[in-house]
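Sequential numbering from 0 applies to the sequence shown in numbering that gives the first Met the number 0. Glycine residues also receive a C-beta, built at the ideal position from the N, C-alpha and C atoms.
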Amino acid sequence: MKISNVKKEDDVLEFTLEESTSAFANAIRRIIMSEIPVLAIRDVTFIDNGSALYDEVLSHRLGLIPLKTPARMRADTEVKYTLVKKGPCTVYSGDMKSSDSKLAPSDEKIPIVKLLEGQNIKLEATASLGTGKDHAKWQAAIASYSIDKDKFNFRVEKTGAMDPERAVVSAAKVLGGKAKELEKLAK
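This is the structure:
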């Protein structure tokens, strides 16, 4: 097995996997999208919501904002965010304040809600680690591949939680861990 034609542009990593099987290529693709833990907002407590959007809609929007996820985090880690804003204005992801400044949203210009004169919003949110198996908000990256004879041309795109290179390396580690677990069970 070997990797060639590695290209990195902006938030996309492309490479060719050679001398491998479609089962292995698909395992890597699936692990990238569904088994690498990343941070996402799980719970939102609204103290005041004077906006035109229902609490549930805002909760879903907040959950889908990509959060920077460091390489090593404990599985039980929780990160608190607060958001306090008064209209008239547009509330952006960058307006969220984190209990850890390193774990801010990966893009500060994601619009959340527009507030008119006299409207305000005050909330507390909790982010935790999860995987894409549970919800798309916990997808580490988007991965696909095309088949060219016996070569698999991968395209891995960043969602915001981590770089695509780290997603591929993390997927390899997860797959290696599964192989070791199977080896133990087989003995």
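Quick check: what's the CA-CA separation for residue i versus residue j?
{"i": "Met72", "j": "Asn119", "result": "34 angstroms"}
{"i": "Ala142", "j": "Leu66", "result": "19 angstroms"}
{"i": "Leu181", "j": "Asp99", "result": "37 angstroms"}
{"i": "Lys183", "j": "Ser97", "result": "41 angstroms"}
{"i": "Gly131", "j": "Arg29", "result": "10 angstroms"}
{"i": "Val125", "j": "Ala39", "result": "Going by the sequence as given, residue 125 is Thr instead of Val. Between Thr125 and Ala39, the C-alpha separation is close to 8 angstroms."}
{"i": "Val153", "j": "Thr15", "result": "Residue identity differs from the one stated: residue 153 is Phe in this sequence, not Val. Straight-line Cα distance between these residues: approximately 6 angstroms."}
{"i": "Leu63", "j": "Leu122", "result": "16 angstroms"}
{"i": "Glu18", "j": "Ser145", "result": "15 angstroms"}
{"i": "Pro87", "j": "Ser50", "result": "10 angstroms"}
{"i": "Asp42", "j": "Asp133", "result": "14 angstroms"}
{"i": "Ala185", "j": "Lys179", "result": "10 angstroms"}
{"i": "Gly175", "j": "Val11", "result": "24 angstroms"}
{"i": "Phe45", "j": "Ala74", "result": "26 angstroms"}
{"i": "Thr76", "j": "Gly129", "result": "10 angstroms"}
{"i": "Ala171", "j": "Asn25", "result": "12 angstroms"}
{"i": "Lys148", "j": "Gly159", "result": "32 angstroms"}
{"i": "Leu52", "j": "Lys84", "result": "14 angstroms"}
In terms of alpha-carbon separation, which member of the options lies closest to residue i?
{"i": "Ala166", "options": "Leu114, Lys148, Lys186 and Ile35", "result": "Ile35"}
{"i": "Met95", "options": "Leu102, Gly86, Leu82 and Asp106", "result": "Leu82"}
{"i": "Ser21", "options": "Met0, Arg41 and Glu8", "result": "Met0"}
{"i": "Thr68", "options": "Val168, Lys113, Asp147 and Trp137", "result": "Trp137"}
{"i": "Glu156", "options": "Ser3, Ala74, Met32 and Asn25", "result": "Met32"}
{"i": "Ser169", "options": "Val37, Ile109 and Val78", "result": "Val37"}
{"i": "Ile111", "options": "Ser3, Ser127 and Glu55", "result": "Glu55"}
{"i": "Ile109", "options": "Ala139, Thr89 and Ile2", "result": "Thr89"}
{"i": "Asp47", "options": "Lys79, Ala139, Asp9 and Leu114", "result": "Leu114"}
Could you name the residues that DSSP lists as bridge partners for residue i?
{"i": "Ser145", "result": "Asn152"}
{"i": "Ala124", "result": "Val43 and Tyr80"}
{"i": "Thr20", "result": "In DSSP, Thr20 forms no bridge with anything."}
{"i": "Asn48", "result": "Ile120"}
Less than 8 angstroms between C-beta atoms, sequence neighbours within five positions excluded: which residues of the same chain meet that for residue i?
{"i": "Glu107", "result": "Tyr91, Ser92 and Gly93"}
{"i": "Gly117", "result": "Gly49 and Gly86"}
{"i": "Lys101", "result": "Lys67 and Pro69"}
Whose C-beta lies closer than 6 angstroms to the C-beta of residue i among residues of the same chain, with five residues either side of it excluded?
{"i": "Lys150", "result": "Thr15 and Glu17"}
{"i": "Glu13", "result": "Lys6 and Arg154"}
{"i": "Val173", "result": "Ile30 and Glu34"}
{"i": "Ser127", "result": "Arg41 and Glu77"}
Item to complete: Count the CB pairs spanning the segment 160 to 174 and the segment 46 to 62 that are closer than 8 angstroms, and state whether there are at least three.
Response: no
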